[in-house]
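Taking it in order: structure first as C-alpha cells, then the write-up.
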Amino acid sequence: MTKTPQIMVIASLLTTLLGVLEILAPSGGVYLGGYVRLDATSRLFALVVNPIFLGISFYIWNRITTTPVLAEGMRRFGWFALIFLGAANVVLVANHLLVLWIALEVTTLAAAPLIVRAGVPASRQASWRYLLFSSVGLGLVLVGFQCLSRSLSADGHPASYFVDQLPELVREPANAWRKLGLALVLLGIGTKLGLAPMYSWLPEAYDEAPPAVTALLAAVQFNCALVVLFRVVQIYRPGNTALVGGVLLAMGTISMVVSTVSIIATRNMKRLIAYASINHAGVIAIGLGVGKAASFGLLLYVISNAFIKAILFLTAGNIKAHYKTKDTRKISGLVRDLPYSGVFLMVGTFALLGFPPFGSFVGELLILSALISSGQMLVFAAFCVLITMTFVATGRTIFPMIWGEPKEKHDWPRQTFWPSSPKIFFLVALIALGIYLPPVVSDLIHEVATSLEGR
Amino acid sequence: MVPLFVSSWRLSLAGLALQGLLTAWIAYRMEGSPESAGAWLTLFDLILIRGVGAPLLLYGVLHAKKAPARNDIIPPNLLSWTLALGIVLVSFNFSEVLTPEDGDPQTLVAVATAGLLLGFLVLATQSDPFSQMIGALRIENSIALFELGGPRDQPIDSTEAFFLQLGQVLVVLTTVGLYRWYLARLPGADGKPVEPTLEGPAL
C-alpha cells in the first residue's frame, strides 16, 4: 500500500501548524533578506489554504483506502501535490513580485498533470487548456510587472519588486507605463481567477479533473492567485483608484453575466459548480473594485467560498462515483440514497447561494451596501438581477437532486462518518465563519481589509 | 513574421528558433560578453532552451508522429494577413508613445509588443495544440525580449539576481517539457483522433 496520502497529510499538517504559529510572529516582519514577509494577508490565507489542503489530503487517503485501484500512480500524484503545496505557501509569504510570480507558475505547472486522468482524453485536453491559459495569463502578469518596474524608472525611482517598499515609491500620479502595467496585471490574474474575458479554461478543467484536484484548484490555487491580486491592489490602489476599480468592476460584472447564462443552461453538476465559481470570482472582483466598506465583507466572502467550493467539489465527486453520471436530471433522492452527500450538497448550496447564517450572506450584503454608498447604482442593479437569476437557476437544478424521488433503487453501503470527516470539518469552519469569528481571525480580516485600501 | 505566414510546421519551428537566437544576439549586444553567472544563465536560457531546445523537442514529436507538412499558424486569408501587418504598425506607434526618445529602447519595445500581439493573434485564431504552442512560445520569447530592456532591482552579478533568473529559467524549461508531453498525447497535429478508453474511478 502506498504511503503517499499519509505523507501528504503529514506535510499539510505541518504547514497548517506553521500557519497557526505565524499568528504569533510580529506583524509585517521580514525574513530571508526581505524576500519573506509575514503580514496580515499571508497569515490569514495560510489559515485558510493549509487546512483545506489537509482536508483534501485526508479525503485522498480515504479514497485510496476504499478504492485500492487508485493507488496506482499515486506516487507521482503525491510529488506534484507536495510541490503544489510548497509553492502555494511561498505565494502567501513572498515579499517580492517576481518570487510571487515564479511560485504561482510552479503551482500551475504542478497542477496541470494532476488534471489528467488515465484513459480519459478529454481530461488531457482540459489540462492542456488550463496550462495554455495559465501560461498566457501569467505571461501577461510578468509583462505587467515589467511595465510597473519601468514606470518607477520613468519617475526617476530605482526599480524595485519588493512588496513592502513599493507603496512608498508609487505616490506620483500614474504614468503610461504604470497604467499599462496595471491593466496587464489585472487581466493576467483575472485569467488565473477565471474572470472574463479569459475564463473558458475553468469549467472544462474543473469538470474533467478528479474531484480532489478540482477542490485544490478551486479552494487553494484560486486563493493563491487572489493573494497576488491583493498585493497589487494594496500597493497600487491609492494612486490609481479609478483604473483599478474600473477594470475590476468591469471584469466582475461581465464574469457574473456569462456565468449566470451558463448556470441556466448547464445540466452537468460539476460544471454548474464551476460556473458558480466564476460567478463568485465576479462578486469578489466587484467587491475588490468598489473597496471601502466592501473590503471586510469581501474577505468573509472569499474565506467562506474556499470552504464552500471544497465541500461541493468533493461531494460532487462522491455523487458521481455512485451514480456514474454528472447529469443533474439523472440524479434524484440524494438525502435517501447518500444521506451525508445529500446534506453536504444541501448546506453547500445554501452557502453558495448566500443564505444566512453563512459568511457568504454577510459578505454579499456588505458588498451590496458598499456599491450603494459609492454610487455604483448600475453595477448594484446588475448584481441584484444576476444573483437572483443564479439563485433560481441553481435551486431549480440542485434541489430536485436532493429532495426528489429516487429514480432507481440502489444497494449502496451505508455512508459512514469517517470518510466524510474532511467535509464535516469544512462545514464546521463554514458555519463558524457565519456565526462567530474568533477575535484573532476577526482582527486579521480587519487588518487585511484596511490594507486593501492602501493604508 | 515570415514563418507565421508559411503553412509549414517545420518553418514555424525554424521561426521560433530564429526568434530565440535573435533575442540572444540582442542580449549579447546589450550586455556585452557575459562575466557573471546571471549573464551566462540568460544566454543559456535564450540560446539552448528557447533557440534550440524548445523547437527541437517539438520537432522530435511531430517527426515521430509523421505529421503532414502543411500546418497553418495564421489562417491563410487576407483578413489575418491585414491584421498581422496592422499589429506590427500599431506596435511601432505604441512604442513611440511609451518611449518618446528614438533609439534601441524604442525599437525593443516595438518588436517585443509586435511579438506579443502576433502570439495572441495565433492563439485567437487557432485551436490545434501545435499552433497554440507556437503562439504561446512566441509570447514567452517576446516577454524575454521585453525583459532585456527593463530595469533590474538587483545588480546582474548579485546572488539574488542569479536565483531569480534561475527560477524563471526553470519555469520556462518545465513549461517546454510539458508542452512536449501534451503534443505527444493530444490529438491534432497528426490528424488522428485518440480512442477513448474506459473511464475508471477518480480521486
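Protein chains in written order, with numbering that gives the first Met the number 0: chain Z, 0 to 454; chain L, 0 to 202.
Every residue, glycine too, gets a C-beta built ideally from N, C-alpha and C.
Do you know offhand how far Thr240 (chain Z)'s Cα is from Pro25 (chain Z)'s?
-> Here residue 240 (chain Z) corresponds to residue number 241 of the first sequence, with the count starting at 1. Here residue 25 (chain Z) corresponds to residue number 26 of the first sequence, with the count starting at 1. Spanning the two alpha carbons is a distance of roughly 30 Å.
Is the shortest distance between the beta-carbon of Glu104 (chain Z) and the beta-carbons of chain L less than 9 Å?
-> Looking up residue 104 (chain Z) in the first sequence gives position 105. So, interface residue.
Use the C-beta contact count for Arg69 (chain L): other C-beta atoms within 10 angstroms, 16 or more gives buried, fewer gives exposed.
-> Sequence index remark: in the second sequence, residue 69 (chain L) carries index 70 (1-based). That one is exposed.
Would you kindly report the start and end of the unbroken alpha helix (DSSP H) that includes Val35 (chain Z)?
-> The count along the first sequence starts at 1 and reaches residue 35 (chain Z) at position 36. First-last for Val35 (chain Z): 35-37, but that is the beta strand (DSSP E), not the alpha helix (DSSP H).
Looking at chain Z, which residues of the stretch 164-177 of chain L have a Cβ within less than 7 Å of any of its Cβ atoms?
-> Gly166, Gln167, Val170, Thr173, Thr174, Leu177
Does the beta-carbon distance from Lys325 (chain Z) to Lys269 (chain Z) come in below 9 Å?
-> By one-based count along the first sequence, residue 325 (chain Z) stands at place 326. By one-based count along the first sequence, residue 269 (chain Z) stands at place 270. A contact, by the Cβ cut-off of 9 Å.
Could you work out which residue in Z:Lys191, Z:Phe229, Z:Glu407 is closest to Ile217 (chain Z) when comparing CA atoms only?
-> Position 218 of the first sequence holds residue 217 (chain Z). Position check: residue 217 (chain Z) holds Ala in this sequence, whereas Ile was assumed. Cα-wise, what sits closest to Ala217 (chain Z) is Z:Lys191.
Please state whether DSSP places Val119 (chain Z) in a helix, a strand or coil.
-> Mapped onto the first sequence, residue 119 (chain Z) falls at position 120. Coil.
Any contact of the stretch 109-126 of chain L with the stretch 160-175 of chain L, i.e. 3+ C-beta pairs under 8 Å?
-> no
With a cut-off of 9 Å, does the C-beta of Gln220 (chain Z) fall near any C-beta of chain L?
-> Within the first sequence, residue 220 (chain Z) is the residue found at index 221, counting from 1. Answer no: the Cβ-Cβ gap between Gln220 (chain Z) and chain L never drops below 9 Å.
Given Asn61 (chain Z) as reference, the closest of Z:Pro4, Z:Leu108, Z:Ile82 once Cα atoms are compared = Numbered from its first residue, the first sequence carries residue 61 (chain Z) at position 62. Nearest C-alpha to Asn61 (chain Z): Z:Pro4.
Residues within the stretch 220-248 of chain Z neighbouring chain L, beta-carbon criterion of under 7 Å = none
Since Arg177 (chain Z) sits in a beta bridge, which residues does DSSP pair it with?
-> In the first sequence, residue 177 (chain Z) corresponds to position 178, counting from 1. Paired residue(s): none; Arg177 (chain Z) is not in a bridge.
Could you tell me whether any Cβ in chain Z is nearer than 9 Å to the Cβ of Gly59 (chain L)?
-> For this step, residue 59 (chain L) is matched to residue 60 along the second sequence. Cβ-Cβ to chain Z under 9 Å: no for Gly59 (chain L).
To the nearest angstrom, report how far apart Leu333 (chain Z) and Leu181 (chain Z) are at their CA atoms.
-> The residue given as residue 333 (chain Z) occupies position 334 in the first sequence. The residue given as residue 181 (chain Z) occupies position 182 in the first sequence. Roughly 47 Å between the two C-alpha positions.
Pairwise C-alpha distance: Leu179 (chain Z) and Leu139 (chain Z) | For the purposes of this step, residue 139 (chain Z) is taken as residue 140 along the first sequence, with counting starting at 1. For the purposes of this step, residue 179 (chain Z) is taken as residue 180 along the first sequence, with counting starting at 1. Cα to Cα, the separation comes out at about 11 Å.
Cβ-Cβ distance between Ser126 (chain Z) and Glu71 (chain Z) below 9 Å = One-based indexing of the first sequence puts residue 126 (chain Z) at position 127. One-based indexing of the first sequence puts residue 71 (chain Z) at position 72. Not in contact: Ser126 (chain Z) and Glu71 (chain Z) (Cβ atoms no closer than 9 Å).
Short Cβ contact (9 Å threshold) for Ser303 (chain Z) with Phe229 (chain Z) = Position 304 of the first sequence, counted from the start, is the residue given in the question as residue 303 (chain Z). Position 230 of the first sequence, counted from the start, is the residue given in the question as residue 229 (chain Z). Result no, Cβ atoms of Ser303 (chain Z) and Phe229 (chain Z) do not sit closer than 9 Å.
Under 9 Å by beta carbon: chain Z residues contacting Leu96 (chain L) | Residue 96 (chain L) sits at position 97 when you count from the first residue of the second sequence. A small fix is needed here, since residue 96 (chain L) is Val in this sequence, not Leu. Chain Z residues near Val96 (chain L): Ala175.
So, helix, strand or coil for Tyr198 (chain Z), using DSSP?
-> As a position in the first sequence, residue 198 (chain Z) is number 199, starting the count at 1. Of the three classes helix, strand and coil, the one that applies to Tyr198 (chain Z) here is coil, per DSSP.
By Cβ distance, which residues of its chain are closer than 7 Å to Ala280 (chain Z), with the 5 residues on each side in sequence left out?
-> Start at 1 with the first residue of the first sequence, and residue 280 (chain Z) comes out as number 281. Taken in chain order, the residues that qualify are Leu192, Gly193, Leu194, Ser254.
CB Leu91 (chain Z) to CB Val142 (chain Z), shorter than 9 Å?
-> Within the first sequence, numbered from 1, the residue matching residue 91 (chain Z) stands at position 92. Within the first sequence, numbered from 1, the residue matching residue 142 (chain Z) stands at position 143. Result no, Cβ atoms of Leu91 (chain Z) and Val142 (chain Z) do not sit closer than 9 Å.
Exposure label - Cys456 (chain Z); buried when at least 16 CB within 10 Å = The question about residue 456 (chain Z) has no answer here: the residues shown for chain Z are numbered 0 through 454.
Please classify Cys146 (chain Z): is it buried, with 16 or more other beta-carbons within 10 angstroms of its beta-carbon, or exposed?
-> The count along the first sequence starts at 1 and reaches residue 146 (chain Z) at position 147. Buried, since its Cβ has 16 or more Cβ neighbours within 10 Å.
Alpha carbon to alpha carbon, how far is Leu443 (chain Z) from Arg42 (chain Z)?
-> In the first sequence, the residue the question calls residue 443 (chain Z) occupies position 444. In the first sequence, the residue the question calls residue 42 (chain Z) occupies position 43. Approximately 8 Å, taken between the alpha carbons.
So Val361 (chain Z) is in the alpha helix (DSSP H); what residue range does that whole segment cover?
-> Here the question's residue 361 (chain Z) lines up with position 362 in the first sequence. Run containing Val361 (chain Z): 358-372, per the alpha helix (DSSP H) assignment.
Residues near Leu182 (chain L) in its chain [Cβ-Cβ closer than 7 Å; skip 5 each side] | Here residue 182 (chain L) is taken as the residue at index 183 of the second sequence, counted from 1. Excluding residues within five positions, the ones whose Cβ falls inside 7 Å are Leu57, Val60, Pro128, Phe129, Met132, Ala188.
Using alpha carbons as the reference points, say which of Z:Tyr198, Z:Pro209, Z:Val226, Z:Tyr34 lies closest to Ala275 (chain Z).
-> Mapped onto the first sequence, residue 275 (chain Z) falls at position 276. With distances taken between Cα atoms, Ala275 (chain Z) lies closest to Z:Tyr198.
Which word fits Lys308 (chain Z), buried or exposed, when buried means at least 16 other C-beta atoms lie within 10 angstroms of its C-beta?
-> The count along the first sequence starts at 1 and reaches residue 308 (chain Z) at position 309. Per the 10 Å Cβ criterion, buried.
Cβ of Ala369 (chain Z) within 9 Å of Cβ of Gly296 (chain Z)?
-> Position 370 of the first sequence, counted from the start, is the residue given in the question as residue 369 (chain Z). Position 297 of the first sequence, counted from the start, is the residue given in the question as residue 296 (chain Z). Yes, Cβ-Cβ distance for Ala369 (chain Z) and Gly296 (chain Z) is below 9 Å.
Using 9 Å as the limit for Cβ to Cβ distance, is His95 (chain Z) near chain L?
-> To locate residue 95 (chain Z), count along the first sequence from 1; it is residue 96. At least one chain L Cβ lies under 9 Å of His95 (chain Z).
Of all the alpha helix (DSSP H) runs that stay within the bounds of the stretch 73-143 of chain Z, which reach a length of 4 or more residues?
-> 73-92, 96-114
Count the other CB atoms, across all protein chains shown, that sit within 10 Å of the CB of Asp71 (chain L); report buried if there are 16 or more and exposed otherwise.
-> Here the question's residue 71 (chain L) lines up with position 72 in the second sequence. So Asp71 (chain L) ends up on the buried side.
Within its chain, find whatever has a CB closer than 7 Å to the CB of Met345 (chain Z); leave out the 5 residues flanking it on each side and keep chain order.
-> Residue 345 (chain Z) sits at position 346 when you count from the first residue of the first sequence. Correct list, in chain order: Ile401.
Based on Cα-Cα distance, which residue from L:Pro150, L:Ile46, L:Glu30, L:Pro74 lies nearest to Val5 (chain L)?
-> What you label residue 5 (chain L) is simply residue 6 of the second sequence in a count that begins at 1. Among L:Pro150, L:Ile46, L:Glu30, L:Pro74, the Cα nearest to that of Val5 (chain L) is on L:Pro74.
Per-residue contacts from Ser450 (chain Z) into chain L (C-beta, under 9 Å) = In the first sequence, the residue the question calls residue 450 (chain Z) occupies position 451. Here the premise fails: no neighbours, minimum Cβ distance about 22 Å.
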